[in-house]
Each structure stands twice: as C-alpha cells, then as structure tokens.
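Student: Numbering that gives the first Met the number 0 applies: residue 0 is where the sequence shown begins, and numbers increase by one. Sharing a structure below in structure tokens format, with a few things to ask.
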Amino acid sequence: MLSRTAAELYWLSRYLERAENTARMLDVAWNMSLIPFSVTARDELSTPLEISGAKELYAQRYGTLQVHNVLHFFTFDQDNPGSIYNSLRVARENAHAVRGKITSEMWESINTTWIELQEMSSAGLLSIGVSTFFDWVKQRSHLFRGAAYGTIMRNDAFRFLRIGTFIERADNTARILGGREHVDVTPGNTAVEFYRWNALLRSVGAFEAYREIYSDSLQYDHIVELLILRAEVPRSLRSCVEMLCELLPTIEGNAGLNAKRQAAVLFARLQYGDIHHIMDVGVNEYLNDFLRRINELADTLRREYLEVV
C-alpha cells in the first residue's frame, strides 16, 4: 500500500474518533454544568479546554468562559482545528481521497454525515438541542465503524483504519482521566463526587462495565484501574494498546519494526501493571508518561509507514 493511502486511512479514522470523543467530553461537561451543587459551571466548562489543550485559542477568540461560546467553539467553530465540524470535514476529505480503498457503505456513511452536519451548522446548536447533537455525532461514528467492520476486506486498509482508531482512543482516555485526576474522592461533598465520577465513566462508555466488575460505590482507585488496566473495557489504555499489538504485526512487508517494538513495550507495562504502583507513582505522572509514549509511537508510525519516501 502507498504511504499516502495508508496515511489518509489512518487519519480518516483518527479524526472520526476525535469527533466522537469530543462529543462525549462535551456532553459530560454540559450536563455537569447544569447540576446545582457547589461545583461551578465554570469549573466544568474549563475542563474540555484543559484536556484538549485549546485554552489559549479559546481565550483569543472568545475571552471569558461562557457556556454557549464553549459549546460553539468545540462544535461548529470552523476556525478551531479541533472542533467537531473540522474533525468530520477532514475525515470526509480523507475518505474521498481513498474512495477506491473503502466500500460504498463506508463512503455513504461518512458523506451523509458531512451533509447532515452542514445542515445542522446552519440551523445552530440550540435549535438542534445540545445533547441531541452529541448523540448524533456518536451514532454517526458508530455507523461508520460498523460499516467498515462489516464490509471492508481484512487487508492493510482495514488495519490502518483500526490503528488510527486505537491511537486516538488511547490518547483520549488518558487525557480525560488525567483531566479529572485532581478531583479526589473525599467525604466532604458526596453528591458532587458521585456525579463527577459517574460523568467520567459515562464519557468513555464504561459506567455499566464498572458496575459489573466492581459492584460497589464509585471509588477513585477502581476507576483508575478500570480505565488503565482492565482488558475487558474497550476504551481502556490496555485494551487499545493490545489491539495495536495485534494489528501491527499483520501489516504486509518488513517495515515498522520500531513501531512494533514500542507497542509491545507499552503493552507489557499495561499487561503487568499494578494499580498500587500507579497510585504510588501518581495517576497524573503515570498518564503523562503514557501520553508521551503513545505519541512517540504515533510519530514512529508516521515515519515508518505514513511518510512518502
């Protein structure tokens, strides 16, 4: 496969996953900002800006934190590279560039998403409904992923699509968990604590998994263990890296030895990881190290597979 084609497939899946992750993150911030507890809306609305690293860009464009400005910034703002609008636009452009490598069902899914998004952008977020729009983004992402998984050949095109998904997903889970790490579970305000951790789990689709595995009240160390070390949870760091280790060796050719090695080392750290060690080191320190390693892996993938030589 040509490096350019591999890159377009890889970034197609990364940007689509990014749009879904942004919708999940914003849905939580929006709902938490409406809860009339001691947690202020400003605290909750600033979290997506911190997680995405877009605080300075937002400040330049909008100034002070306002709920509707934050929502517009992350949804339909065409001048924000990380907005859902731009993520889906770039995903669609990449899909168009590799039209011959994806199935008609995949193309119809992403193209329909783009057409509907433009109509929604013209109508405005408030007329659509905030949660309704976020649900739509998640559903469109699921539809494309389902079409891809159900129709595309199991060749290198499929593999690069999946690799992009898991790189982006792992990065997102680490950032979301790290963004909430400073909110510890203390006995002072149990209602706020419950809703914070409930929202965190729901943002990565892991609330039901937590209930099934732990069967107790929400505890910080269990949440950390679930989202970092549990292989059963699709958005956990271990699950994402394990899938990368399965996919990379199946790519045709002899390239990518360094990428395979880095993925294997990272997976070993998660496979044999221990929640007590993570808590002793510090969750934020552990996650920062993971983000450094997953981004180094992404850079190696780019050099070894995706750059035109």
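Note that beta-carbon positions come from the ideal geometry of N, C-alpha and C, so glycine has one too.
So what does DSSP say about F75, is it helix, strand or coil?
Tutor: The residue you call residue 75 lines up with position 76 of the sequence shown. Of the three classes helix, strand and coil, the one that applies to F75 here is coil, per DSSP.
Student: Quick one: is T74 buried, meaning 16 or more other Cβ sit within 10 Å of its Cβ, or exposed?
Tutor: Residue mapping note: residue 74 aligns to position 75 of the sequence shown, counting from 1. Buried, because 16 or more other Cβ atoms sit within 10 Å of the Cβ of T74.
Student: Consult DSSP for N85 and reduce its assignment to one of helix, strand or coil.
Tutor: To locate residue 85, count along the sequence shown from 1; it is residue 86. If DSSP states are grouped into helix, strand and coil, N85 belongs with the helices.
Student: If you measure between the beta carbons of E303 and N257, is that distance less than 8 Å?
Tutor: Position 304 of the sequence shown, counting from 1, holds the residue named residue 303. Position 258 of the sequence shown, counting from 1, holds the residue named residue 257. Closer than 8 Å, so yes.
Student: Check T299 in the structure and name its three-state DSSP category.
Tutor: The sequence position of residue 299 within the sequence shown is 300, counting from 1. DSSP places T299 in helix when its eight states are reduced to three.
Student: Could you tell me if P47 is buried or exposed, where buried requires 16 or more neighbouring beta carbons within 10 angstroms of its beta carbon?
Tutor: The residue you call residue 47 lines up with position 48 of the sequence shown. When all chains shown are included, P47 counts as buried.
Student: Which of the three DSSP states, helix, strand or coil, is assigned to I162?
Tutor: By 1-based counting over the sequence shown, the position of residue 162 is 163. Three-state DSSP puts I162 in a helix.
Student: Apart from the five residues just before and just after L124, which ones in its own chain have a Cβ nearer than 7 Å to its Cβ?
Tutor: One-based indexing of the sequence shown puts residue 124 at position 125. Excluding positions up to five away in sequence, the list reads L70, H71, T74, F75 and F132.
Student: Mapping DSSP to helix, strand and coil, what is Y209?
Tutor: Residue 209 sits at position 210 when you count from the first residue of the sequence shown. Note: Y209 maps to helix in three-state DSSP.
Student: Near S51, which residues of its chain fall below 6 Å by C-beta distance, leaving aside the five closest residues on each side in sequence?
Tutor: Taking the sequence shown and counting its residues from 1, one reaches residue 51 at position 52. Contacts found: G81.
Student: Compare the beta carbon distance of L243 and A262 with 8 Å and say whether it is the shorter of the two.
Tutor: In the sequence shown, counting from the first residue as 1, residue 243 sits at position 244. In the sequence shown, counting from the first residue as 1, residue 262 sits at position 263. Cβ distance < 8 Å, so L243 and A262 count as in contact.
Student: For I114, count neighbouring C-beta atoms within 10 Å of its own C-beta (all shown protein chains included) and say buried if the count is 16 or more, exposed if not.
Tutor: Translated into positions along the sequence shown, residue 114 becomes position 115. By the 10 Å Cβ count, I114 comes out exposed.
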